[in-house]
C-alpha cells in the first residue's frame, strides 16, 4: 500500500493492466480494499473506462454500490465521465440508479451537468427518479438549465420533469437559466410552459435577475412572452451599473 492508500490492485486497475489484475485476484487480493479517498479498485476501473477490468472485478465480488469518500458509487463515476458501456455493465449487475453522493446528487444529476443524454436515457430506462433533489433542493433540470445544457434539458422535460420545481432558495430552472444568461435554455423552458413570473424566496422573478445582470436579450425574450414588468419598472440597464 502506498502513501495514497492504494494497493497493487488499485494501481493495476489504474493502468488497466488486466493480466496483473487477474493475477492479484487469483492470489487473494482484496477486491473491495479502499484507498485514502475511499475508492475501491472498481471505482478506479470505472474512472478509467476500463470495461474488461470492471467486469473482472465484479466477477470476483466487487461491491457494486460501494461509496467513496464523496459518497459516489462507480455508477456515479461512469455518469460523470459519460462512460455508457461501464454504466450498462454496472446496472446489469445491480447498481442502484437512485443512489446519492454526499451532495445528494444521483447519477442523473451528474449526467445532467455533463449533458450526457446517453447516460440519462440509460438511467431513465432503469427507473431513475427524474425529479430527485440534491441537498440544495436542485433537480437534474435545475443543473442542466444552469449550464445551458439544452439537449439534456429537453430530454428531462420530455420524461416527466417538474418544470416549475423550486430549489431551497425558491429558484426554478428558468430562474437559473436567466441568472446565468443561458438564452437557449430560457427559450426552451418557455416553449415547454415554464411559469415566467414564478418568484424565488426573495420575491424575484427570472425577469428581475436578467435585468439585474444587464442581459437585454433575455429581458426582451421574457417580456415578449408576457413576463410581468411591474417589478422592474423604474430602472433601466444603465441605472443598475
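Residue numbers (this note's numbering): 711 to 951. Where a beta carbon is used, it is the ideal one built from N, C-alpha and C, also for glycine. Nothing here was measured: the structure is a model prediction, and the numbers come from that model.
Looking at residue 815 and residue 858, is the spacing between their C-beta atoms short of 9 angstroms?
Taking the chain shown and counting its residues from 1, one reaches residue 858 at position 148. Taking the chain shown and counting its residues from 1, one reaches residue 815 at position 105. No.
Would you report the Cα separation of residue 747 and residue 870, rounded to the nearest angstrom?
The count along the chain shown starts at 1 and reaches residue 747 at position 37. The count along the chain shown starts at 1 and reaches residue 870 at position 160. Going by the C-alpha atoms only, they are around 36 angstroms apart.
Give the C-beta separation of residue 828 and residue 792 to the nearest angstrom, bearing in mind that I take them to be a contact with Cβ-Cβ under 8 angstroms.
Position 118 of the chain shown holds residue 828. Position 82 of the chain shown holds residue 792. Indeed they touch by this definition, with Cβ atoms about 7 angstroms apart.
First through last residue of the alpha helix (DSSP H) which encompasses residue 934:
Counted from its first residue, the chain shown places residue 934 at position 224. Taken as a continuous stretch (DSSP letters only), the alpha helix (DSSP H) holding residue 934 covers 926–934.
Is residue 799 buried or exposed, if buried means 16 or more other CB atoms sit within 10 Å of its CB?
In the chain shown, counting from the first residue as 1, residue 799 sits at position 89. Flag for residue 799 reads buried.
Classification of residue 737 by the beta-carbon crowding that lies within 10 angstroms, buried from 16 upward
Looking up residue 737 in the chain shown gives position 27. By the neighbour-count rule (16 or more Cβ atoms within 10 Å), residue 737 is not buried but exposed.
Closest Cα partner of residue 865 within the set 891, 900, 826:
If you number the chain shown from 1, residue 865 lands on position 155. Answer by Cα proximity: 826.
Cβ-Cβ separation, residue 726 to residue 749 (assumed contact under 8 angstroms), whole Å:
Position 39 of the chain shown, counted from the first residue, corresponds to residue 749. Position 16 of the chain shown, counted from the first residue, corresponds to residue 726. Actually they are not in contact, since the Cβ atoms of residue 749 and residue 726 sit about 15 angstroms apart, beyond 8 angstroms.
Buried/exposed call for residue 745, threshold 16 Cβ in 10 Å
By 1-based counting over the chain shown, the position of residue 745 is 35. Buried: at least 16 other Cβ atoms inside 10 Å.
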